Structures are given as structure tokens and as C-alpha cells.
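Q:
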Amino acid sequence: MAVIGIMSAMQEELAAVLAAMPHEHRITVAGRDFWVGHWQGHSVVVVLSRIGKVAAATTATVLLERFAVDTLVFTGVAGGLGAGVRVGDVVVANGFVQHDMDASPLFPRHEVPMYGRARFEADAELALQLAKASAQVLADAALHLGAGTLADFQLHAPRMHQGLVISGDRFVSASAESQVLRQALPEALAVEMEGAAVAQVCHDFGVPFAAVRTISDRADDTAHTDFQRFIREVASRYSLAIVSRWLSRRQPA
Ligand code: SAH
Numbered sequence: 000m001a002v003i004g005i006m007s008a009m010q011e012e013l014a015a016v017l018a019a020m021p022h023e024h025r026i027t028v029a030g031r032d033f034w035v036g037h038w039q040g041h042s043v044v045v046v047l048s049r050i051g052k053v054a055a056a057t058t059a060t061v062l063l064e065r066f067a068v069d070t071l072v073f074t075g076v077a078g079g080l081g082a083g084v085r086v087g088d089v090v091v092a093n094g095f096v097q098h099d100m101d102a103s104p105l106f107p108r109h110e111v112p113m114y115g116r117a118r119f120e121a122d123a124e125l126a127l128q129l130a131k132a133s134a135q136v137l138a139d140a141a142l143h144l145g146a147g148t149l150a151d152f153q154l155h156a157p158r159m160h161q162g163l164v165i166s167g168d169r170f171v172s173a174s175a176e177s178q179v180l181r182q183a184l185p186e187a188l189a190v191e192m193e194g195a196a197v198a199q200v201c202h203d204f205g206v207p208f209a210a211v212r213t214i215s216d217r218a219d220d221t222a223h224t225d226f227q228r229f230i231r232e233v234a235s236r237y238s239l240a241i242v243s244r245w246l247s248r249r250q251p252a
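Given below as C-alpha cells:
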């Protein structure tokens, strides 16, 4: 049976998924807890990677090698970079770049040495399925979050975007810094710390990967404001609603 891996970086991001997913075993490998079970008719493994590219790459490798995961989805939060990508919106990645990769002048800026590329693609079919699930969940945002939460966080008509997500080992929390990223990678919709690393691992193993990120901040001087509370009350609930909707619509393989 096909095995679907679901990962997030932080406990808060995955809390609602972990509470809802009926796990059958917990297996600890490399200090990470892998929650194994069945959900919506699929065999799934849910895990927290911890923050950053190395932690995420290690976790992804264990999922693929030890748990024979053949479809991998990341769900979490990110800083919005693109114009019109607002807090409370959702970005479904169609590709990933490591914004802090720089082996120039030996290789072009952002190119991952020995791969001949800077960009790793998301699986198009998987990204499409997640985009549909995300758009449907956002259309019913009040149902999933409650009207009070929408008002508290001033979320009006949240939108789903599809495009480039960039990753690096830095929490981007200064307007000057996000401006530099926008200039270097003008297509980027969102910035986070894991996606491009997981995409590279999945590329190596030939396993389809896609990622959904709720925008928690604008990667600017106010990026720390209410970060934990937003994840708990908004992003974690979106993750649960999107992943469970996606799984319920997906044909078991
Ligand atoms: N202040 C937080 C730090 C978490 S790091 C804390 O105390 O827990 C941020 C996490 O959310 C990473 O896993 C990253 O993928 C994502 N993220 C959200 N906004 C981000 C931003 N502006 N820059 C980089 N990563 C961001």
C-alpha cells in the first residue's frame, strides 16, 4: 500500500493534525517521533522535522528510507514575500529555491552544486490536489477557524496562491532583509526554512513532494508579532482542514 508522509517543522504547526490523526504506533528514529497509522483510508506517517534545512532533510530521508513513504507533503507556516500575499493566505508551492545557497563564482548564485539547477519542482499533480483542498478550506475559513478568530487576526477573504517558495536557514524578520530577497528572487511568494531541502531529498529519491504554507507574517519588522498564537489558532487548523480534505478526496493507491 502507498504510504503518505506528512511533515511540519514545529509542534504548534502539527498539533491539530496530530490530535486528529488516529495513530497506531510511535516509532522514534534519530530523535524524531514518527506517528504511523491510517487516516481517511490512507496509510500515513506524520512527523515533526524541527526547524531548518538540515533537520528537514534528515527527517525526509528517514521518511523515505525507513518508512517507505512514496508521497510527501509538508504543511506549515511561512513569511509572505510576494505582493498581495497576506497573513492568513495560503501558498501552495510549485517549486523551491534555497535563497542562501551561494557557491559563486564556481556556480551561479542559488545553483545547488552538482545538480545543475537552483530550482526543485513540486509534483504538479500533488500540488494541484493540495491547491484545490486549500482553496476550498479558505472559502469556508469561518467554519474552520470561527468568526471570532477571523476577526481577532483581521483575516478578510483569505486567498490561495501558487508559486515559488524559497528556503534558507534564517528567520526573516526585517523589512530590509525581505527586500533583498525580493530583489534576488522576484518570483518568490513566500520564505521559510525547510521546503527546498525536502524538495532536494525527494528529487534524489524520485518521490513526489508538495508543500502548503499558511502565511504567518510578512517577513518584516513585525514578523514576531503573535507568531505562536497565530500558528495555534489559525495555521494549525488550516493544516488539519487542508490535509484531511486532501486525503479524503484522494484515491487510495
Ligand atoms: N520565533 C519562532 C521561530 C520559528 S522559525 C519560535 O520562537 O519558535 C520559523 C518557522 O516558521 C520555520 O520553520 C520556517 O519554516 C517558518 N517561517 C515562518 N515565517 C518565516 C519567516 N519570516 N522567515 C523564515 N521562516 C519562516
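In numbering that gives the first Met the number 0, the protein residues as written are 0 to 252.
Here a beta-carbon is modelled for each residue, glycine too, at the ideal position from N, C-alpha and C.
Every value quoted in this text rests on a predicted model; they were computed, and no experiment measured them.
(1) Considering Cα atoms alone, identify which of 99, 218, 30 and 74 is closest to residue 233.
(2) Determine the extent of the alpha helix (DSSP H) in which residue 5 is found, giving its start and end residues.
(3) Please report the distance separating the alpha-carbon of residue 47 from that of residue 15.
(4) Determine the contact status of residue 57 and residue 29, defining contact as a CB-CB distance below 8 angstroms.
(5) What number of angstroms, rounded off, separates the C-alpha of residue 150 from the C-alpha of residue 127?
(6) Under 8 angstroms, with one C-beta from each stretch per pair, do the stretch 152 to 167 and the stretch 74 to 93 reach the 3-pair mark?
(7) Whole angstroms are fine: how far does the CA of residue 63 sit from the CA of residue 21?
(8) Check the C-beta distance from residue 244 over to residue 132 and give it rounded, since I have them as a contact under 8 angstroms.
(9) So who's on the other strand from residue 133, going by DSSP bridges?
(10) Could you tell me the distance, in whole angstroms, from the CA atom of residue 211 to the CA atom of residue 103?
(11) Consider the C-beta atom of residue 50 and the heavy atoms of the ligand SAH; say whether any pair is separated by less than 7 angstroms.
(12) Residues with a Cβ closer than 7 angstroms to any heavy atom of the ligand SAH, in chain order?
(13) If we ignore side chains and look at the alpha-carbon of each, how far apart do residue 38 and residue 124 end up?
(14) Do you know offhand how far residue 113's Cα is from residue 50's?
(15) Where does the unbroken beta strand (DSSP E) through residue 194 begin, and where does it stop?
(16) If you draw a straight line from the alpha carbon of residue 183 to that of residue 96, how long is it in whole angstroms?
(17) Mark residue 145 as exposed unless 16 or more other C-beta atoms lie within 10 angstroms of its C-beta, in which case mark it buried.
(18) Just to confirm the assignment, what range does the alpha helix (DSSP H) spanning residue 228 have?
(19) Can you give me the start and stop residues for the alpha helix (DSSP H) that residue 257 sits inside?
(20) Apply the 10 Å Cβ neighbour rule to residue 235 and answer buried if 16 or more other Cβ atoms are within range, or exposed otherwise.
(21) What is the rounded straight-line gap between the Cα of residue 200 and the Cα of residue 116?
A: Let me lay it out:
(1) Among 99, 218, 30 and 74, the Cα nearest to that of residue 233 belongs to 74.
(2) Looking at the DSSP string, residue 5 is not in any alpha helix (DSSP H); the run it does join, the beta strand (DSSP E), is 2 to 7.
(3) For residue 47 and residue 15, the distance between alpha carbons rounds to 13 angstroms.
(4) Remark: C-beta atoms of residue 57 and residue 29 approach each other more closely than 8 angstroms.
(5) Approximately 29 angstroms between the Cα atoms of the pair.
(6) Yes: at least three Cβ pairs fall under 8 angstroms.
(7) Whole-angstrom Cα-Cα distance: 21 angstroms.
(8) Between residue 244 and residue 132, the beta carbon gap of about 4 angstroms places them in contact (Cβ cut-off 8 angstroms).
(9) For residue 133, which the question treats as bridged, DSSP gives no partner whatsoever.
(10) So the two alpha carbons sit approximately 30 angstroms from each other.
(11) Yes - the ligand SAH has a heavy atom lying nearer than 7 angstroms to the Cβ of residue 50.
(12) Those residues, listed in chain order, are 8, 9, 50, 75, 76, 77, 78, 169, 170, 171, 172, 190, 191, 192, 193, 215, 216, 218, 222, 223, 226 and 227.
(13) A straight line joining the alpha-carbon of residue 38 with that of residue 124 spans about 21 angstroms.
(14) Spanning the two alpha carbons is a distance of roughly 25 angstroms.
(15) Element bounds for residue 194: not the beta strand (DSSP E) but the alpha helix (DSSP H), 194 to 204.
(16) Distance between the alpha carbons of residue 183 and residue 96 is about 11 angstroms.
(17) Residue 145 sits exposed, since fewer than 16 C-beta atoms from the chains shown fall within 10 Å of its C-beta.
(18) Segment 226 to 229, the alpha helix (DSSP H) holding residue 228.
(19) It is not possible to answer for residue 257, since the shown part of the chain is limited to 0 through 252.
(20) With 16 or more Cβ atoms within 10 Å of its Cβ, residue 235 is classed as buried.
(21) When only Cα atoms are considered, residue 200 and residue 116 end up about 14 angstroms apart.
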